[in-house]
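Notes follow once the structure below has been shown.
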Amino acid sequence: MPFSQYLQRNIRDKCLLFRLQVFSHDQHAITSDGMSTSQSPHPNRSTPKRSSGEIHKGASSGISSKVKESAAELINFQQDWERLHTTGVAVLNSIKILKLDAFRRNSTEQVYPQGLQERCDQLEIVVNQMESSLKNLEILVQQFGALVELDILQGGGNGPVFLSWPTEKFNQAFQDIFKAYSKELSLKKAIKEDVAHCSTKESLIYHITCWTSQPFIDNTCHLLLVSLFCETGLT
Numbered sequence: 001m002p003f004s005q006y007l008q009r010n011i012r013d014k015c016l017l018f019r020l021q022v023f024s025h026d027q028h029a030i031t032s033d034g035m036s037t038s039q040s041p042h043p044n045r046s047t048p049k050r051s052s053g054e055i056h057k058g059a060s061s062g063i064s065s066k067v068k069e070s071a072a073e074l075i076n077f078q079q080d081w082e083r084l085h086t087t088g089v090a091v092l093n094s095i096k097i098l099k100l101d102a103f104r105r106n107s108t109e110q111v112y113p114q115g116l117q118e119r120c121d122q123l124e125i126v127v128n129q130m131e132s133s134l135k136n137l138e139i140l141v142q143q144f145g146a147l148v149e150l151d152i153l154q155g156g157g158n159g160p161v162f163l164s165w166p167t168e169k170f171n172q173a174f175q176d177i178f179k180a181y182s183k184e185l186s187l188k189k190a191i192k193e194d195v196a197h198c199s200t201k202e203s204l205i206y207h208i209t210c211w212t213s214q215p216f217i218d219n220t221c222h223l224l225l226v227s228l229f230c231e232t233g234l235t
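The UniProt record's numbering applies: residue 1 is where the sequence shown begins, and numbers increase by one.
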């Protein structure tokens, strides 16, 4: 199964679990108050419904649509990043084949075999494209942060935008996700600079493993992504 399909299926599964947990929590809160979902403290009165303005005053200013647009842009960024990451893995594997073959032959070009420069140039293109994509995400995060600050100054930002997150929670999630990918980009830059100079099999494998595993995009980052997509209904 392609990685993108696996990631989408994993996000859908986690989103379903997230929504079930929210529903279960709401049901428990109702039971604790001694009322069922069909009961009202005043049988002859209908329970007043909260308006969208009560849920979030900033919704009328377009904050909810901006949150969803930003989340959609984040999905596009993540898909673009994973595509580039996979391309980088393929380039690094071709570098590994070249260098391991030179190591086995114990040739005079064992550290810098023929064809290495071409593959290093390909890896540099991948990293540059990752950096460009991350810069676009940085602009998005900065613009969203400014919008949230404006929304708070106007008296919004207290209630949930969609399910449970206020705008400040979305803002913090965007910033944390950006920081994680920024650290990962720094690591990939270091790998791009050093992999060509690996003189042992162990060092070469270590560099390739670091690229493949993406240690800075950890479970915490993945959970933030899944939760954000669930909150905005983009799964």
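Where is the CB? At the ideal position from N, CA and C, for every residue including glycine.
Whether residue i touches residue j by CB criterion (8 Å)
i           : j           : result
residue 228 : residue 170 : yes
residue 113 : residue 98  : yes
residue 64  : residue 174 : no
residue 78  : residue 225 : yes
residue 195 : residue 92  : yes
residue 71  : residue 220 : no
residue 119 : residue 152 : no
residue 87  : residue 126 : yes
residue 211 : residue 89  : yes
Exposure label - residue i; buried when at least 16 CB within 10 Å
i           : result
residue 217 : buried
residue 192 : buried
residue 147 : buried
residue 205 : exposed
residue 207 : buried
residue 184 : buried
residue 115 : exposed
residue 27  : Low confidence applies to residue 27: its pLDDT is 44, below 50, so where it sits in the model is not reliable, and the reading given next is rough at best. It is exposed - the Cβ of residue 27 has fewer than 16 other Cβ atoms within 10 Å.
When the options are compared against residue i, the one with the closest alpha-carbon
i           : options            : result
residue 234 : 74, 103, 111       : 74
residue 66  : 123, 159, 143, 185 : 143
residue 189 : 150, 85, 76, 69    : 85
residue 129 : 145, 82, 159       : 82
residue 145 : 123, 176, 117, 164 : 176
residue 104 : 209, 215, 199      : 199
residue 62  : 140, 123, 80, 156  : 156
The ligand FMN heavy atom lying under 7 Å from the CB of residue i
i          : result
residue 68 : Of ligands this structure carries none, so the ligand FMN is not represented either.
Output the residue ranges of the alpha helix (DSSP H) runs that lie fully inside the segment 190-232 and measure 4 residues or longer, sorted by chain position. 201-213, 219-232
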